[in-house]
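Residues 31 to 217 in the working numbering are what the sequence shown lists, from first letter to last. We treat Cβ as the ideally placed atom computed from N, Cα and C, and that holds for glycine.
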Amino acid sequence: FEGDPASAQGYRMRYFDEQLIPMDGAWVENTDYLNVIASYQERLSREQFALVIGSLGTDMPVTKINSFETNLGNLFADAVREATATDIALLEAGAFREGLKSGPITRGDLYKAYPGDSRIVEGTLTGKELASLLSQSAANVGQEGFLQVSGLSFGIYDRAAYSIRVRGLAIRPDAVYEVAVTERMAQ
Numbered sequence: 031f032e033g034d035p036a037s038a039q040g041y042r043m044r045y046f047d048e049q050l051i052p053m054d055g056a057w058v059e060n061t062d063y064l065n066v067i068a069s070y071q072e073r074l075s076r077e078q079f080a081l082v083i084g085s086l087g088t089d090m091p092v093t094k095i096n097s098f099e100t101n102l103g104n105l106f107a108d109a110v111r112e113a114t115a116t117d118i119a120l121l122e123a124g125a126f127r128e129g130l131k132s133g134p135i136t137r138g139d140l141y142k143a144y145p146g147d148s149r150i151v152e153g154t155l156t157g158k159e160l161a162s163l164l165s166q167s168a169a170n171v172g173q174e175g176f177l178q179v180s181g182l183s184f185g186i187y188d189r190a191a192y193s194i195r196v197r198g199l200a201i202r203p204d205a206v207y208e209v210a211v212t213e214r215m216a217q
């Protein structure tokens with residue numbers, strides 16, 4: 031683009047012709063570097079991802095996680111709420127990738143179920159803001175914008191949240207609630 035950024039006028043698109051040139055073996059993999067990475071990957075897999083951290087008595091499939099409150103979503107959201115000691119935890123259902131099978135559970139299983147390195151952010155929302163956020167979630171039933179929650183309950187009617195309760199009490203629009211969300215949601 032060319033033009034005067036201050037006035038935002040006079041911009042025009044300029045195209046450049048570029049040509050891709052084949053490398054034809056000019057780039058060679060650094061095997062020493064790849065070996066170092068492989069040694070850490072093996073240790074990570076063995077020491078971290080293969081470590082059994084608990085067990086489940088029932089399967090927790092990922093199916094319908096974008097449409098309903100699920101055992102899988104509850105497990106993760108409850109863990110976040112407990113770790114942060116907040117009133118509420120909210121997780122994006124679309125971030126879940128796999129379910130968990132009954133029996134021993136490893137760190138790797140948890141990572142496969144909810145991959146990524148999401149940091150948890152603690153903050154506050156008023157009851158009015160919380161109701162708005164839950165209504166956004168309700169409008170996304172069946173889609174990635176749906177939330178898995180802990181510390182609250184609500185109904186969905188006509189793609190909106192209703193009868194919202196935090197710790198069994200009806201929310202008040204002016205009340206302030208401590209909430210834990212992923213960094214992505216906070217942004």
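{"Check": "Val80 classed as buried or exposed, judged by whether at least 16 other C-beta atoms fall within 10 angstroms", "Outcome": "Per the sequence shown, the amino acid found at residue 80 is Ala instead of Val. When all chains shown are included, Ala80 counts as exposed."}
{"Check": "Coil, strand or helix - Ile95 by DSSP", "Outcome": "coil"}
{"Check": "Distance between Gly153 and Glu208 (C-alpha atoms, nearest Å)", "Outcome": "6 angstroms"}
{"Check": "Beta-carbon gap between Leu86 and Ser132 smaller than 8 angstroms", "Outcome": "yes"}
{"Check": "Integer-rounded CB distance, given that Tyr144 should sit under 8 angstroms from Ala125", "Outcome": "6 angstroms"}
{"Check": "Span of the beta strand (DSSP E) around Glu122", "Outcome": "118-122"}
{"Check": "Local Cβ density within 10 Å of Gly172, reported as buried at 16 or more and exposed below that", "Outcome": "exposed"}
{"Check": "Supposed close pair Leu102, Gly129 - CB separation, criterion 8 angstroms", "Outcome": "6 angstroms"}
{"Check": "Thr154, enclosing beta strand (DSSP E) - first and last residue", "Outcome": "150-156"}
{"Check": "Coil, strand or helix - Thr100 by DSSP", "Outcome": "coil"}
{"Check": "Secondary structure of Glu213, DSSP reduced to three states", "Outcome": "helix"}
{"Check": "Alpha-carbon to alpha-carbon, Ser148 and Ser97", "Outcome": "22 angstroms"}
{"Check": "Own chain partners of Leu155 with C-beta closer than 6 angstroms, once the 5 adjacent residues on each side are dropped", "Outcome": "Tyr207, Val209"}
{"Check": "Residue interval of the beta strand (DSSP E) (run including Leu177)", "Outcome": "177-180"}
{"Check": "According to DSSP, residues forming a beta bridge with Glu208", "Outcome": "Thr154"}
{"Check": "Reference Ile83, options Val58, Gln217, Ala119, Leu140, closest by Cα", "Outcome": "Leu140"}
{"Check": "Cβ-Cβ distance between Arg202 and Gly157 below 8 angstroms", "Outcome": "yes"}
{"Check": "Neighbour-count burial assignment, Leu199, 16 or more Cβ in a 10 Å radius", "Outcome": "exposed"}
{"Check": "Cα-Cα separation between Leu163 and Lys94, rounded to whole angstroms", "Outcome": "20 angstroms"}
{"Check": "Residue range of the unbroken beta strand (DSSP E) whose run includes Arg195", "Outcome": "190-196"}
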